[in-house]
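For what it's worth, the numbering used here labels the leading residue of the sequence shown as 1031, then goes sequentially. Yeah, the Cβ is synthetic: ideal placement off N, Cα and C, and Gly gets one too. Predicted model only: the values in this text are computed from it and were never measured.
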Amino acid sequence: MDDAEYLPLSYLSQLCYCPRRAALLLNERLWAESRDTAKGRAEHERVHTKRVEKRGDTIKLYEYTVFSDTLRLGGKCDCIEAVRDASGCCIPAADFPVQLYPIEYKHGTLRDEEEYKIQLCAQALCLEEMFGAKIPEGALYFISSHRRLPITLDDALRSRTRLLAGQLHTLRQTLSTPPAEYSAKCRRCSLLELCAPKVKASAAAYCTRLRREAVGEIEGEPAP
1031 MDDAEYLPLS YLSQLCYCPR RAALLLNERL WAESRDTAKG RAEHERVHTK RVEKRGDTIK
1091 LYEYTVFSDT LRLGGKCDCI EAVRDASGCC IPAADFPVQL YPIEYKHGTL RDEEEYKIQL
1151 CAQALCLEEM FGAKIPEGAL YFISSHRRLP ITLDDALRSR TRLLAGQLHT LRQTLSTPPA
1211 EYSAKCRRCS LLELCAPKVK ASAAAYCTRL RREAVGEIEG EPAP
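Put into structure tokens, the structure is as follows:
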């Protein structure tokens, strides 16, 4: 890696969920725990330790560090399944060529979320760059329900992931924080109180009204 800043690839998931949340985490270093984030962290801690498991022609790599010089992203894969494949790539943990299959762990029940797919795809792009691999598919594994959801890493998903990587770097380089836009997602966000989307939106609207009153575009409210 050179002197350029490498951002956590997990923040692509945050950006996909809400650009403002990503900026608050990345630039303002804000964080607040919620029941969901605490549960997810606890589940990850129970099942995750950095290790390598070998069983015949299959190797499982847990908490594996990955990075991409092209995307300037880095992070960890929860699990990578490496299965013997004559047309596969070579990795340090195996003395035979393998096909790589990244798996991202999530808490809760099986659900199809774009931000999860983006994070998984970013991991695959890192692995492809590191080992000259070709990874057509990965999976999301939901810990609570013990269910695996296969994800096809197609061109559309790859393009979306690269686009978000560029947007993430722009957020970081400009140190900008997008304005709040209240939606149903806000109710599930652990940063709801810190972000205060309704308050900030109301304040912005109030200031806009004052400016319009000052230039005579609208009439001010009568005094009580």
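Select from the options the residue whose C-alpha is nearest the C-alpha of residue i.
{"i": "Asp1326", "options": "Leu1150, Glu1058 and Gln1197", "result": "With the chain covering only 1031 through 1254, there is no way to say anything about residue 1326."}
{"i": "Ile1110", "options": "Ala1124, Asp1099 and Ser1117", "result": "Ala1124"}
{"i": "Leu1183", "options": "Ser1174, Ala1210, His1199 and Lys1147", "result": "Lys1147"}
{"i": "Ser1117", "options": "Gly1162, Lys1215, Ala1053 and Ser1043", "result": "Gly1162"}
{"i": "Pro1166", "options": "His1137, Thr1200, Tyr1131 and Gly1138", "result": "Tyr1131"}
{"i": "Val1096", "options": "Phe1126, Leu1042, Thr1079 and Ala1154", "result": "Ala1154"}
In the DSSP assignment, what are the bridge partners of residue i?
{"i": "Ala1112", "result": "Ile1089 and Leu1130"}
{"i": "Cys1107", "result": "Tyr1094"}
{"i": "Ile1181", "result": "Gly1168"}
{"i": "Glu1083", "result": "Lys1090"}
What whole-angstrom Cβ distance do residue i and residue j have, given they're in contact under 8 Å?
{"i": "Gly1104", "j": "Tyr1036", "result": "5 Å"}
{"i": "Leu1045", "j": "Leu1157", "result": "Rounded, the Cβ-Cβ distance is 21 Å, inconsistent with contact."}
{"i": "Ala1053", "j": "Ile1089", "result": "Their Cβ separation, rounded to whole angstroms, is 38 Å, which puts Ala1053 and Ile1089 out of contact at 8 Å."}
Does the separation of the CB atoms of residue i and residue j fall below 8 Å?
{"i": "Arg1202", "j": "Asn1057", "result": "yes"}
{"i": "Tyr1092", "j": "Arg1081", "result": "yes"}
{"i": "Ile1121", "j": "Gly1168", "result": "no"}
{"i": "Tyr1135", "j": "Tyr1094", "result": "no"}
{"i": "Leu1179", "j": "Leu1221", "result": "no"}
Which class does residue i belong to by DSSP, given the choice of helix, strand or coil?
{"i": "Glu1159", "result": "helix"}
{"i": "Pro1038", "result": "strand"}
{"i": "Ser1117", "result": "strand"}
{"i": "Pro1254", "result": "Note on Pro1254: pLDDT 39, under 50, position unreliable in the model; no value is reported."}
{"i": "Thr1067", "result": "Confidence is the limiting factor: at Thr1067 the pLDDT is only 45, short of 50, which leaves the residue's position unreliable, though a coordinate-based value still follows. It is helical."}
{"i": "Tyr1212", "result": "coil"}
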